[in-house]
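Taken in order, these protein sequences are the chains called A and B.
Number 148 in this note's numbering belongs to position 167 of the first sequence; there are no gaps in the numbering.
Number 224 in this note's numbering belongs to position 243 of the second sequence; there are no gaps in the numbering.
To start, the structure itself, in structure tokens.
There are 2 protein chains.
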Amino acid sequence: MTNQRYQRLVWLTGHLTTHPDQQLSLTELSRKFGVAKSTLSDDLLMVKTAMDETRLGTVDTQVGSQGGVVFSPQLDGEAVEKTLEFWLHALSEPDRRTPEGFLYMTDLLFDPKRIDPLGQLLAENFRHMAVDGVATVETKGIPLAMATAERLGVGVMLLRRDSRLSDGSALSLNYLSGSSHRIQSMSLSRRMPARGARLIFVDDFMKAGGTARAAQDLLTEFDARVIGVGVLISTREPEHKLIEDYVACLQWNESEKSGPPLQVSGWVNELVRRSHLGFGGGPGGT
Amino acid sequence: MTNQRYQRLVWLTGHLTTHPDQQLSLTELSRKFGVAKSTLSDDLLMVKTAMDETRLGTVDTQVGSQGGVVFSPQLDGEAVEKTLEFWLHALSEPDRRTPEGFLYMTDLLFDPKRIDPLGQLLAENFRHMAVDGVATVETKGIPLAMATAERLGVGVMLLRRDSRLSDGSALSLNYLSGSSHRIQSMSLSRRMPARGARLIFVDDFMKAGGTARAAQDLLTEFDARVIGVGVLISTREPEHKLIEDYVACLQWNESEKSGPPLQVSGWVNELVRRSHLGFGGGPGGT
Chain A
-18 MTNQRYQRLV
-8 WLTGHLTTHP
2 DQQLSLTELS
12 RKFGVAKSTL
22 SDDLLMVKTA
32 MDETRLGTVD
42 TQVGSQGGVV
52 FSPQLDGEAV
62 EKTLEFWLHA
72 LSEPDRRTPE
82 GFLYMTDLLF
92 DPKRIDPLGQ
102 LLAENFRHMA
112 VDGVATVETK
122 GIPLAMATAE
132 RLGVGVMLLR
142 RDSRLSDGSA
152 LSLNYLSGSS
162 HRIQSMSLSR
172 RMPARGARLI
182 FVDDFMKAGG
192 TARAAQDLLT
202 EFDARVIGVG
212 VLISTREPEH
222 KLIEDYVACL
232 QWNESEKSGP
242 PLQVSGWVNE
252 LVRRSHLGFG
262 GGPGGT
Chain B
-18 MTNQRYQRLV
-8 WLTGHLTTHP
2 DQQLSLTELS
12 RKFGVAKSTL
22 SDDLLMVKTA
32 MDETRLGTVD
42 TQVGSQGGVV
52 FSPQLDGEAV
62 EKTLEFWLHA
72 LSEPDRRTPE
82 GFLYMTDLLF
92 DPKRIDPLGQ
102 LLAENFRHMA
112 VDGVATVETK
122 GIPLAMATAE
132 RLGVGVMLLR
142 RDSRLSDGSA
152 LSLNYLSGSS
162 HRIQSMSLSR
172 RMPARGARLI
182 FVDDFMKAGG
192 TARAAQDLLT
202 EFDARVIGVG
212 VLISTREPEH
222 KLIEDYVACL
232 QWNESEKSGP
242 PLQVSGWVNE
252 LVRRSHLGFG
262 GGPGGT
């Protein structure tokens, strides 16, 4: 292998991993390297094989004049596991409980290294559903929604608590919060390109599911459909939520009478287990 | 070069680029690959050289028993340029102006591919300042703040518009908005670990600078220091803002009487120019 080839392999790998889920033009890449497309194809095959072996992700190449290459990252199960262990540990500290019985976690929700792996996890769960966008209600679910959207290659549709002057005209909905029984409201700017979109709703916390349900109702007014709901934490009680289908990374048993207060959900363990399958811990591993 | 070596190069490159600015243990990496540290060091030197040549970023290795390796990505000047061109074009469309004269841009602010490169840009500008965290006020500046924080390897300190039950006790500040002359308020939970922190304040929009100034004042109450301010767009008028030092990616000339309505700031062009220096467009380029 020549020096130039290994340099191209490093550059190609770096370029693909930092442009996940984007269609990269073969013509442009071969121009950048000053090599023929056939040479580039050989390089890409080597990168693809090595990425398969080491479970970094998959490389799909379409040949032809409009040919391109797309890198789809594999879920980093190790990062997800470490992150969830961190959350379980952090949230079990007594000073995380406010006198009113809430869990204080704003500092953690807004730390990219604590939230990005969980966005990858939610994205992995919804990847097959042809998602057009991620909806969330301000404010604390925003980082998780952004992390999920980034990994799915889509944008976030922000539902506001109040409509703002800078949003122009907006459609608003008042609803009864399922847990606190207070009247709350949310609104969506008419300028938001929601028509016909297939959306997943992402939030930090779910108790009765009233907010998720209201978001679903409001988005229906825009002819958008909520095809999935994902949250960081859901409470075990009430068992029957106001929405039917949702996934939570962690489950919180508020009463703490039986079992541990916080648990990782079964679907998470399954996705993490699958991401480890066949991964010998790198190409030289056994 | 053996098959195993090129597989390790691909895996190492992919692992480094997807764990930017993190200290990775040499011991753990050599265990993962099942190779001696000396072999791993040779691999890393090849990756480092190729990354230097192609300006993907820098690889720093510390040898010894506590030895580790850190990858610091280089600013992707091409992505920044393309993103800013997109913003200039999108914001000049007439239907972005609300009847009240605001720019509607919530949909763009919450699209990761439109905002992440600008977070990388702000991070590059503040990288040398030993930043402990990024502060922002809800809501529209959050994605840019998260993108900047991610690239700096720190968390975001969220200032709320109202204090919430789930935040526990909080310190609040009322202030006069510099542009609209309305009373506004912001608050920070006492649980937020701000004491002694060196922060940069990031927001989407700045007119008179009243919000940035109030954030600075509130954070001072926590013994935290705002050592820099970065926004996506600042207005040309008023020329004298309520804070002295700030950087804006784009400048908006609201009056539009002289010159173009939106312009890329000089410091941005300088950082982008530097990122292109010596980059022949890939290892095979001229």
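Glycine residues also receive a C-beta, built at the ideal position from the N, C-alpha and C atoms.
| Item | Value |
| --- | --- |
| Between the alpha carbons of P264 (chain B) and E218 (chain A), how many angstroms are there, rounded? | Summary for P264 (chain B): the model assigns pLDDT 44, below 50, so the residue's position carries little reliability; its value from the coordinates is reported in the next sentence. Taking the straight line joining both Cα atoms gives about 58 angstroms. |
| Apart from the five residues just before and just after T87 (chain A), which ones in its own chain have a Cβ nearer than 7 angstroms to its Cβ? | K121 |
| Output the boundary residues of the beta strand (DSSP E) element that contains L157 (chain B). | 151 to 157 |
| Can you check whether the C-beta of I123 (chain A) is within less than 8 angstroms of a C-beta belonging to chain E? | Annotation note: the requested chain E is absent from the structure, which comprises protein chains A and B. |
| Which complete beta strand (DSSP E) runs does the region 71 to 156 of chain B hold, if anything under 3 residues is left out? | 114 to 118, 136 to 140 |
| Chain A partners of Y(-13) (chain B), CB-CB under 8 angstroms? | M(-18), Y(-13), L(-10), M27, A31 |
| Output yes if chain A places a C-beta closer than 8 angstroms to the C-beta of G262 (chain B); else output no. | Because the pLDDT at G262 (chain B) is just 43, under 50, the model does not fix this residue reliably, and the value given afterwards should be weighed accordingly. Output row for G262 (chain B): interface = yes. |
| Leaving out five residues on either side along the sequence, give the residues of the same chain with a beta carbon under 6 angstroms from the beta carbon of S150 (chain B). | R171 |
| Between B:V50, B:S22, B:L56, B:R141, which has its C-alpha nearest L37 (chain B)'s C-alpha? | B:L56 |
| Tell me the rounded alpha-carbon separation between V271 (chain A) and D23 (chain B). | Examination of residue 271 (chain A) is not possible in this model, given that chain A is present from -18 through 267 alone. |
| With 16 other CB atoms within 10 Å as the buried threshold, where does Q197 (chain B) fall? | buried |
| Is there a Cβ of chain B sitting closer than 8 angstroms to that of G149 (chain A), yes or no? | yes |
| At a CB-CB cut-off below 7 angstroms, which residues of chain A make contact with E81 (chain B)? | L146 |
| Starting from F52 (chain A) and walking both ways along the beta strand (DSSP E), at which residues does that stretch end? | 49 to 54 |
| Could you tell me the boundaries of the alpha helix (DSSP H) in which D23 (chain B) lies? | 18 to 35 |
| Listing by chain order, which chain A residues have their CB less than 9 angstroms from the CB of S170 (chain B)? | Y85, T87, D88 |
| Could you give the C-beta distance for L21 (chain A) and L10 (chain A), rounded to a whole number, given that I count them as a contact under 8 angstroms? | 6 angstroms |
| Would you report the Cα separation of R141 (chain B) and R179 (chain A), rounded to the nearest angstrom? | 30 angstroms |
| Hey, could you find the ends of the beta strand (DSSP E) L213 (chain A) is sitting in? | 206 to 216 |
| Apart from the five residues on each side of it in sequence, which residues of its chain come closer than 7 angstroms, Cβ to Cβ, to Y85 (chain A)? | R77, T79 |
| Cα-Cα, which of B:D204, B:Q165, B:R176 is closest to G191 (chain B)? | B:Q165 |
| Can you grab the Cα-Cα spacing for the pair V212 (chain A) / F186 (chain A), in whole Å? | 6 angstroms |
| Can you tell me where the beta strand (DSSP E) holding A229 (chain B) begins and where it ends? | 228 to 233 |
| Could you compute how far the alpha carbon of L243 (chain B) sits from the alpha carbon of V(-9) (chain B)? | 42 angstroms |
| Strictly below 7 angstroms CB to CB, what residues from chain B border T(-6) (chain A)? | V(-9), T(-6), G(-5) |
| For S246 (chain A), which three-state DSSP category applies? | coil |
| May I ask you to report which of helix, strand or coil DSSP gives T290 (chain A)? | Residue 290 (chain A) lies beyond the stretch modelled for chain A, which goes from -18 to 267, so this question has no answer here. |
| Checking contacts by CB at 8 angstroms: is A130 (chain B) closer than that to chain A? | yes |
| For a test of the three-state rule: what should DSSP assign to V(-9) (chain B), helix, strand or coil? | helix |
| In the DSSP assignment, what residue or residues form a beta bridge with Q165 (chain A)? | A:Y156 |
| Return the residue from the list B:V210, B:S147, B:R254, B:I224 that minimises the CA-CA distance to R108 (chain B). | B:V210 |
| Using a Cβ distance threshold of 8 angstroms, determine whether the region 121 to 139 of chain A contacts the region 88 to 98 of chain B, with at least three qualifying pairs required. | yes |
| So, is V118 (chain B) buried or exposed, given that buried needs 16 or more other C-beta atoms within 10 angstroms? | buried |
| Output, in chain order, the set of chain A residues within a Cβ distance shorter than 9 angstroms of M167 (chain B). | Ordered by position in chain A, no residue passes the 9 angstroms Cβ test against M167 (chain B), which lies about 13 angstroms from the chain. |
| Is L200 (chain B) helix, strand or coil by DSSP? | helix |
| By how many angstroms is the C-alpha of I208 (chain B) removed from the C-alpha of V272 (chain B)? | Residue 272 (chain B) falls outside the range modelled here, since chain B spans only -18 to 267, and no answer is possible. |
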